[in-house]
Amino acid sequence: MTTGKRRLLSPMLMIVVPFVCLWLALPEALLAVDNEKAGGRGRFRLDLYGGLSLLNPGDMNQIVDYDTSVREFTYDAYFDYLRANGMILSWSEDGDGAGRKIRHAFPFGIRVRYALLDFFALSVGFEFLRRGPNDSLHVQYTRRETAAETYLETLDTSPYRLETRAYWPSVGIHFFKRFGKALDAEAFAAGGPLFAECSYESHRTYVWTIQGQGYAWETFKSEDHLAEDGSGIGISLEVGGRLSLPVRRGIDVFLESGYAYQMVKSLSGEGSEIKGETEKTWEGKWRVKSETMTTPWGTRILRFPTNYETGGTGTGDFRLDLSGFRIRIGASLGF
Amino acid sequence: MKRRGSIGWSLYLACLFLSLFPPGARAQSLPNEAGYMAIEPVSFYFHFGGYFNRLELKSSRARIWYSFQSADRNGPETPLFVFFNGGPGSATSCGLMSMYTGRYTLDNRIETGGGTSYIDNPYSWTGRGHLLYIDARQTGFSYNLTDSVQDEGKRFREFNAQNFNSFFDAADFIRVLLRFLSSHPGLMNHPVIIVGESYGGVRATAMLYILLNYADFGNGRETFQDPALVAEIRAHWESVFPQYSGSVVPPEVIVRQFGHQVLIQPALSFRYQEEAEDEMLRRPDSPLYRIGEEAGVPYDPGRYPDPLSFVSDVAKRDLYIYTKPLNWMNGFFGNAGVLLRFIRNLSLVTGVDAAAIPGLYASARTAAYRVITTSYPVSSAIPAVSPATRALFVTPAALEAPDVRREPGDLESVFGVLQPWDRYFIGTNFNANYAFHIYNVALVRGYDVHSWEPRYGRMFLKNVALVNTFITNAALDLVVYAAALPPALSRHVELLDSVNHIAGGGEARPGQIVLTYRPSAFPDLPGLTTRTIRFPIYEKSCHAVSLTQPQELFTDVSEWLRQSGLGER
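Same order as they appear, the protein sequences are chains A and B. Using the working numbering, read the first sequence as starting at 11 and increasing by one per residue. Using the working numbering, read the second sequence as starting at 3 and increasing by one per residue.
Listed below in structure tokens is the structure:
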């Protein structure tokens with residue numbers, strides 16, 4: 011990921027620095043709004059906040075669906091086929107092999123606002139969002155081959171991790187109105203470039219053990235490691251509302267809620283795979299691909315996102331969609 | 003003047019003499035060879051079509067035994083016969099190499115005191131070409147090497163799909179063959195005739211299919227993927243067919259070198275063969291009724307649901323030759339296995355000084371292993387397989403007993419005492435056999451690469467479209483009941499419109515199988531309609547046809563080769 015971060019930091023600086031310069035260069039006349047016009051809380055405010063974003067990066071979450079489907083097809087469906095054809099006596103499954111999808115994230119950010127009028131302010135901000143549920147999965151399949159012999163197949167996957175990170179410099183406009191003596195209500199809109207990264211990592215250990223009367227042989231063991239990273243630049247737009255309340259002189263607390271459209275339509279990055287003693291690395295563009303798994307017990311077409319260029323067919327665009335509703339709480343310092 | 007005239011006359015006579023022999027016949031004959039071909043660890047994988055969810059495996063180091071016997075006459079197109087037995091897990095050295103194919107053979111007069119020594123073979127196939135015998139991985143003299151070889155658990159895990167499956171087994175043979183050709187540039191372009199017996203039919207099928215469609219074994223199209231093998235095959239074609247350099251050599255061109263196969267009682271589409279055999283042996287014209295009468299136990303399909311169990315367990319007859327008592331044929335394999343453990347016999351049969359083969363010395367094989375347990379117990383029943391398979395693969399324990407004989411001239415006295423898990427010779431390696439059939443992670447994970455699978459029948463039928471094929475029809479063999487082969491092939495309705503077994507003909511031992519392909523059978527082989535397989539009957543033969551009717555087999559193969567374009571040269 012070192013490369014990906016370097017790739018993001020450079021354009022971020024290119025975006026943020028001009029914003030700051032623009033803000034510093036605003037004509038004094040435009041900035042000549044007294045504190046009263048700014049609601050009596052100072053022209054400048056510094057917001058610090060954290061919160062919760064509800065999101066569903068569908069293309070990325072397909073990795074979990076794909077892994078689950080492959081396991082169910084190559085184990086559950088296969089064992090059903092063996093059982094139906096009298097090739098095994100019975101089978102059972104113990105454990106949970108499904109990893110968690112990304113459903114939410116915890117953004118935090120910083121924002122500087124400047125009140126131009128007593129109901130209107132401009133802002134520049136920077137927000138960071140990260141989510142990477144780290145799972146440790148265990149499934150064991152037991153199949154009775156004969157009356158005397160049982161096969162145990164265990165799949166341990168640790169870590170199993172999808173992760174997304176986003177960096178969002180923004181400019182915003184804010185319309186606010188005071189209710190009563192202290193409560194401010196506000197509507198805002200903000201937008202800017204979205205620098206986003208995604209990554210997937212799984213390390214799977216497969217063990218096949220034969221159990222019989224008086225023996226248990228570990229017959230085969232393999233370990234696979236797969237890691238894929240991606241980064242790209244997209245767009246972020248957000249609208250929302252905010253309530254803020256002073257708690258002491260110059261300090262407000264606020265609650266914001268809104269909907270953000272955050273989309274990156276092109277990501278690329280590195281990938282690596284270790285299977286046994288075979289190692290492979292690559293670099294490629296993320297796409298949603300499909301592959302047809304043809305087995306003696308049926309055929310299944312599966313879609314999966316990857317940055318591995320030569321795997322799968324029927325490529326489609328991969329989008330990292332971090333859009334969703336979000337809620338934040340924070341403190342605002344006036345000066 | 004007189005002297006000049008004498009010289010001129012002498013030159014004229016010399017030129018006349020030389021002109022009597024074509025250049026090929028004047029070529030130097032090659033020395034016999036025997037020894038080991040080193041095979042490095044190979045990474046390969048199986049897949050269902052999904053890239054990331056593949057079963058990646060890495061084989062162990064191996065030293066594969068081969069024996070090369072030079073043809074009586076070497077010409078530019080003298081064919082190279084490549085011999086192997088089956089099992090899987092059975093050795094070629096005590097099989098085809100010892101049974102009337104090379105210059106020396108085990109005599110076949112077992113009932114009159116024979117079968118216990120090597121004799122001159124009057125029907126040596128060296129009269130038709132060069133002979134290359136190969137012992138499959140961990141069979142015969144071939145052995146694997148690994149680290150921590152003293153660890154029994156490690157040795158147990160070695161007998162699995164990474165070393166034993168029908169595709170990798172074929173890849174092993176291709177590697178040995180191509181490396182042998184590469185190290186003998188004079189033979190590089192010679193026609194190669196695959197000769198496989200029993201399970202060797204599956205091996206021959208897989209070998210030819212891989213060679214003819216080699217690109218698909220590195221580009222993801224086939225279930226088995228072995229990129230290193232594809233590179234090796236490609237390099238060979240670059241040498242043999244340089245006009246195709248940089249492009250995929252079409253199978254129609256490849257068969258210029260690999261255009262013939264001789265299959266002795268082969269497993270080809272074995273599940274279908276077993277199904278057809280089971281049906282045929284229950285019919286009123288089945289030989290089982292005669293066997294029952296002779297044994298004094300009438301055959302009743304209702305009472306004996308498994309026909310082969312009736313033959314072996316009730317009538318006590320040898321499934322490999324039902325006119326003989328149990329284990330008659332395996333007695334020959336066992337005898338050969340015992341004899342080959344003596345350096346005198348090994349040198350005689352191979353035609354080389356075996357003491358000069360470095361890989362035989364105990365000091366050169368400290369990392370070698372052949373078996374899992376040092377006591378090597380033999381199960382009388384393989385779980386979860388049919389009785390027919392059990393009959394095929396369970397042979398007497400004597401064949402795999404440790405070869406500690408302590409007799410003058412045995413290999414141990416010459417090459418040194420081996421470690422307890424190593425053996426100089428194993429006729430049938432049951433650990434390897436089990437690894438193919440039972441303890442195999444590729445099978446456990448659902449890859450349909452077991453030798454019973456119809457995929458091998460489909461591969462065979464595609465090979466036959468281009469490769470001239472000779473299959474023996476041994477009348478007394480119930481393990482591979484050749485009469486069931488035509489109906490078995492006819493079950494491939496997706497590829498064939500009809501299969502006709504023509505029993506008559508003008509030959510001494512007539513027989514043909516005529517395959518009529520469906521128009522859509524193989525889109526990459528347009529215009530394919532019919533193909534004829536030579537299918538001669540051997541009325542007195544057991545499974546090992548070269549043992550029981552050596553003259554007839556040699557004569558028929560020679561005539562068939564002549565008729566199919568590989569005449570006497």
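Note that beta-carbon positions come from the ideal geometry of N, C-alpha and C, so glycine has one too.
Query - Euclidean distance between Cα positions of B/L321 and B/S247 - result: Taking the first residue of the second sequence as position 1, residue 321 of chain B is located at position 319. Taking the first residue of the second sequence as position 1, residue 247 of chain B is located at position 245. B/L321 and B/S247: Cα-Cα distance of roughly 49 Å.
Report task. Mind reading off the beta-carbon distance from B/A40 to B/R65? Whole number of angstroms is fine, and I expect it under 8 Å. Result -> Looking up residue 40 of chain B in the second sequence gives position 38. Looking up residue 65 of chain B in the second sequence gives position 63. B/A40 to B/R65, Cβ: 6 Å. Contact.
Query - Assigned secondary structure, A/N71 (DSSP; H/G/I helix, E/B strand, else coil) - result: Position 61 of the first sequence, counted from the first residue, corresponds to residue 71 of chain A. A/N71: helix per DSSP, three-state reduction.
Report task. Determine which residues share a DSSP beta bridge with B/S69 and list them. Result -> Start at 1 with the first residue of the second sequence, and residue 69 of chain B comes out as number 67. DSSP links B/S69 through a beta bridge to B/A36, B/Y135.
Query raised in the report: Whose C-alpha, out of B/T225, B/L210, B/L133, is nearest the C-alpha of B/I235?
Result: If you number the second sequence from 1, residue 235 of chain B lands on position 233. In this structure, B/L210 is the residue among B/T225, B/L210, B/L133 with its C-alpha nearest to the C-alpha of B/I235.
Report task. Measuring only between beta-carbons, confirm whether A/M303 sits less than 8 Å from chain B. Result -> Taking the first residue of the first sequence as 1, we reach residue 303 of chain A at position 293. Cβ-Cβ to chain B under 8 Å: yes for A/M303.
Query raised in the report: What residues from the stretch 85–96 of chain A come within 7 Å of chain B, judged by C-beta to C-beta, listed N to C?
Result: Cβ contacts with chain B: Y88.
Query raised in the report: When DSSP labels each residue in this structure, what does B/H439 get in the three-state scheme?
Result: Here residue 439 of chain B corresponds to residue number 437 of the second sequence, with the count starting at 1. In the structure shown, B/H439 adopts helical secondary structure according to DSSP, grouped into three states.
Report task. Below 8 Å on the Cβ atoms is my guess for B/L134 versus B/T207; work out the distance and round it to an integer in Å. Result -> Translated into positions along the second sequence, residue 134 of chain B becomes position 132. Translated into positions along the second sequence, residue 207 of chain B becomes position 205. At roughly 19 Å, the Cβ-Cβ gap does not stay under 8 Å, so B/L134 and B/T207 are not in contact.
Query raised in the report: For B/G202, does the three-state DSSP call read helix, strand or coil?
Result: For the purposes of this step, residue 202 of chain B is taken as the residue at position 200 of the second sequence. Here B/G202 sits in helix by DSSP.
Query - Validate contact between the stretch 444–452 of chain B and the stretch 461–475 of chain B using beta carbons, cut 8 Å, 3 pairs - result: Inter-segment contact for the stretch 444–452 of chain B and the stretch 461–475 of chain B is absent: fewer than three beta-carbon pairs are separated by less than 8 Å.
Query raised in the report: Based on the DSSP secondary-structure assignment, which residues constitute the bridge partners of A/F273?
Result: Stepping through the first sequence from its first residue, residue 273 of chain A is reached at position 263. A quick correction: the sequence has Met, not Phe, at residue 273 of chain A. Looking at the DSSP output, A/M273 bridges to A/I245, A/D331.
Report task. Note down, in chain order, each residue of its chain lying with its Cβ closer than 7 Å to the Cβ of B/F170, except the 5 sequence neighbours on either side. Result -> One-based indexing of the second sequence puts residue 170 of chain B at position 168. Excluding positions up to five away in sequence, the list reads F46, S61.
Requested in this report: Taking a Cβ distance cut-off of 9 Å, strictly less, list which residues of the stretch 331–345 of chain A are near chain B, in chain order.
Outcome: Residues of the stretch 331–345 of chain A whose Cβ lies closer than 9 Å to any Cβ of chain B: none.
Query raised in the report: Using 8 Å as the limit for Cβ to Cβ distance, is A/Y170 near chain B?
Result: For the purposes of this step, residue 170 of chain A is taken as the residue at position 160 of the first sequence. Interface residue (Cβ-Cβ distance to chain B less than 8 Å): A/Y170 is not classified as such.
**Report entry** Below-8 Å beta-carbon distance, B/G459 vs any chain A residue
**Finding:** Against the second sequence, residue 459 of chain B aligns to sequence position 457. Not closer than 8 Å to any Cβ of chain A, the Cβ of B/G459 fails to qualify, so no.
Query - First through last residue of the beta strand (DSSP E) which encompasses B/H262 - result: Stepping through the second sequence from its first residue, residue 262 of chain B is reached at position 260. From DSSP, the beta strand (DSSP E) with B/H262 extends over 262–266.
Query raised in the report: Since B/E58 meets chain A, which of its residues come closer than 7 Å, beta carbon to beta carbon?
Result: Residue mapping note: residue 58 of chain B aligns to position 56 of the second sequence, counting from 1. Near B/E58 (Cβ distances below 7 Å), the residues of chain A are K285, G286, T288.
Query - A/M97 (DSSP reduced to helix, strand or coil) - result: Position 87 of the first sequence, counted from the start, is the residue given in the question as residue 97 of chain A. It is coil, neither helix nor strand.
Query - C-alpha distance - B/Q71 paired with B/S31, whole-angstrom precision - result: Sequence index remark: in the second sequence, residue 71 of chain B carries index 69 (1-based). Sequence index remark: in the second sequence, residue 31 of chain B carries index 29 (1-based). B/S31 has its alpha-carbon roughly 10 Å from the corresponding atom of B/Q71.
**Report entry** 8 Å Cβ cutoff, A/P143 in contact with chain B
**Finding:** Locating residue 143 of chain A in the first sequence gives position 133, counting from the first residue. It does not; no Cβ of chain B falls within 8 Å.
**Report entry** Straight-line Cα distance separating B/M101 from B/E199
**Finding:** In the second sequence, residue 199 of chain B corresponds to position 197, counting from 1. In the second sequence, residue 101 of chain B corresponds to position 99, counting from 1. Between the alpha carbons of B/E199 and B/M101 lies a distance of about 12 Å.
Query raised in the report: Does the separation of the CB atoms of B/A434 and B/P90 fall below 8 Å?
Result: Counting from 1 along the second sequence, the entry for residue 434 of chain B is found at position 432. Counting from 1 along the second sequence, the entry for residue 90 of chain B is found at position 88. The beta carbons of B/A434 and B/P90 sit closer together than 8 Å.
Report task. Say whether chain B places a C-beta atom closer than 8 Å to the C-beta of A/W328. Result -> On the first sequence, residue 328 of chain A is found 318 positions in, with the first residue counted as 1. Correcting the residue type first, residue 328 of chain A is Phe in the shown sequence and not Trp. No, no contact with chain B.
Report task. Using only the heavy atoms of the ligand FAD, determine whether one of them is closer than 7 Å to the beta carbon of A/E173. Result -> What this structure holds is no ligand at all, so the ligand FAD is not there to describe.
Report task. Rounded to whole angstroms, what's the CA-CA distance from B/L147 to B/Y371? Just pull it up for me. Result -> Taking the first residue of the second sequence as position 1, residue 147 of chain B is located at position 145. Taking the first residue of the second sequence as position 1, residue 371 of chain B is located at position 369. Distance between the alpha carbons of B/L147 and B/Y371 is about 6 Å.
Report task. Using a Cβ-Cβ cut-off of 8 Å, state whether A/Y124 counts as contacting chain B. Result -> Within the first sequence, the letter at position 114 stands for residue 124 of chain A. Taking Cβ atoms only, chain B never reaches closer than 8 Å to A/Y124, which makes this a no.
**Report entry** Per-residue burial, B/P613 [other beta carbons within 10 Å of its own, 16 or more giving buried]
**Finding:** Outside the displayed range of chain B (3 to 571) lies residue 613 of chain B, so it cannot be described from this structure.
Query raised in the report: For B/A467, which of helix, strand or coil comes out of DSSP?
Result: For the purposes of this step, residue 467 of chain B is identified with residue 465 of the second sequence, where counting begins at 1. DSSP places B/A467 outside both helix and strand once states are collapsed to three, so it counts as coil.
Report task. Name, please, each residue of chain B whose Cβ falls closer than 7 Å to the Cβ of A/L236. Result -> Looking up residue 236 of chain A in the first sequence gives position 226. Going along chain B in sequence order, the residues near A/L236 (Cβ under 7 Å) are F54.
Report task. Using a Cβ cut-off of 8 Å (strictly closer), state whether B/S45 contacts chain A. Result -> What you label residue 45 of chain B is simply residue 43 of the second sequence in a count that begins at 1. Yes, because at least one Cβ of chain A sits closer than 8 Å to the Cβ of B/S45.
Requested in this report: Tell me, please, which residues DSSP counts as bridged to B/A370.
Outcome: Translated into the one-based positions of the second sequence, residue 370 of chain B becomes position 368. The partner list for B/A370 (beta bridge, DSSP) reads B/L147.
Query - Any C-beta of chain B under 8 Å from that of A/P315 - result: Within the first sequence, residue 315 of chain A is the residue found at index 305, counting from 1. No, its Cβ sits nowhere closer than 8 Å to a Cβ of chain B.
Query - chain B within 8 Å of A/W218, Cβ atoms only - result: Here residue 218 of chain A refers to the residue found at position 208 when the first sequence is read from its first residue. It does: the Cβ of A/W218 has a partner Cβ on chain B nearer than 8 Å.
Report task. Answer with buried or exposed for B/I359, where buried requires no fewer than 16 other C-beta atoms within 10 angstroms of its C-beta. Result -> Taking the first residue of the second sequence as 1, we reach residue 359 of chain B at position 357. Classification for B/I359: buried.
Report task. Tell me, please, whether the CB atom of A/F198 is closer than 8 Å to any CB atom in chain B? Result -> Along the first sequence, one-based indexing puts residue 198 of chain A at 188. A/F198 is outside the set of residues whose beta carbon lies under 8 Å from a beta carbon in chain B.
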